[in-house]
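>
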Amino acid sequence: MKIKFLAMMMAMSFAMLTMSCSSSDDNGPTTVPDYDIIVGKWESPVPAPIFGGLISSIEVEFRNNQTYTVLSRNSDGSTTTLEGTYVTSTGANGIRNIVLEQSSPTSLTSTGIYQITQNDTRMSYEVVQTSPDLGFAAPTPSGGFGSTANGAFGDANIQIYNRIN
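Each residue of the sequence shown is one higher than the one before, starting from 23 at the first, in our numbering.
1) Where does the unbroken beta strand (DSSP E) through Ser169 begin, and where does it stop?
2) How about Pro154 and Ile135: are their beta carbons less than 7 Å apart?
3) Output yes or no for whether 7 Å exceeds the beta carbon distance between Ser132 and Val149.
4) Please check the pair Asn179 and Ala159, which I expect to be a contact at CB under 8 Å, by giving their CB distance rounded to whole angstroms.
5) In angstroms, rounded to a whole number, what distance separates the CA positions of Thr152 and Pro55?
6) Measure the alpha-carbon distance for Thr107 versus Leu130 and round it to whole angstroms.
7) Under a Cβ-count criterion, where at least 16 other Cβ atoms within 10 Å of its own Cβ denotes burial, should Gln140 be classed as buried or exposed?
8) On the three-state DSSP scale, how would you describe Phe84?
9) Helix, strand or coil for Ala178 per DSSP?
Okay, structure coming up:
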């Protein structure tokens, strides 16, 4: 019994020691830089024309761990939530690439572009589902906004978001 008590006390002492002496205590708080400028919460109160009035507003959160959640409010009052992961990369002319791997409610891949302007408060965003393939070419930074399906949609697939956080 004495040995069990001693072992338990040593284990608790070790746990307390490791919790109270972390390296971050010596150097002050540590912060993790944002993965990308897109990290944050965004709202689009006027969805892109391609939605044909079926969606009344969209909110999206891009997290630093490269996950995202989209909440769309439908015109009939219902909501739809989409979730998945994303990867961004450098593009051209201030326009960046994005690939979204949606995992819920169904699995699919969307590819596109975005650009953040007006002191990081406004985002232009254009993506298209690429897997399963719907037969439309994704927009590209070199093609600019309106380049979905090689320009066939014009501005109808461009979504404008405002930062809300």
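Glycine included, C-beta positions come from ideal geometry on N, C-alpha and C.
Looking at the atomic coordinates:
1) Your numbering for residue 169 matches position 147 in the sequence shown. Counting along the chain, no beta strand (DSSP E) covers Ser169, and no H or E run does either.
2) Numbered from its first residue, the sequence shown carries residue 154 at position 132. Numbered from its first residue, the sequence shown carries residue 135 at position 113. No, the Cβ-Cβ distance between Pro154 and Ile135 is not below 7 Å.
3) Along the sequence shown, one-based indexing puts residue 132 at 110. Along the sequence shown, one-based indexing puts residue 149 at 127. Contact flag set, yes.
4) Here residue 179 refers to the residue found at position 157 of the sequence shown. Here residue 159 refers to the residue found at position 137 of the sequence shown. 12 Å between Cβ atoms; not a contact.
5) Taking the first residue of the sequence shown as position 1, residue 152 is located at position 130. Taking the first residue of the sequence shown as position 1, residue 55 is located at position 33. Approximately 30 Å between the Cα atoms of the pair.
6) Translated into positions along the sequence shown, residue 107 becomes position 85. Translated into positions along the sequence shown, residue 130 becomes position 108. Approximately 11 Å between the Cα atoms of the pair.
7) Taking the sequence shown and counting its residues from 1, one reaches residue 140 at position 118. The residue in question, Gln140, is exposed, as its Cβ has fewer than 16 Cβ neighbours within 10 Å.
8) As a first step, residue 84 must be located in the sequence shown, where it is residue number 62. Phe84 falls in the strand class under three-state DSSP.
9) Position 156 of the sequence shown, counted from the start, is the residue given in the question as residue 178. The answer is coil: DSSP assigns Ala178 none of H, G, I, E or B.
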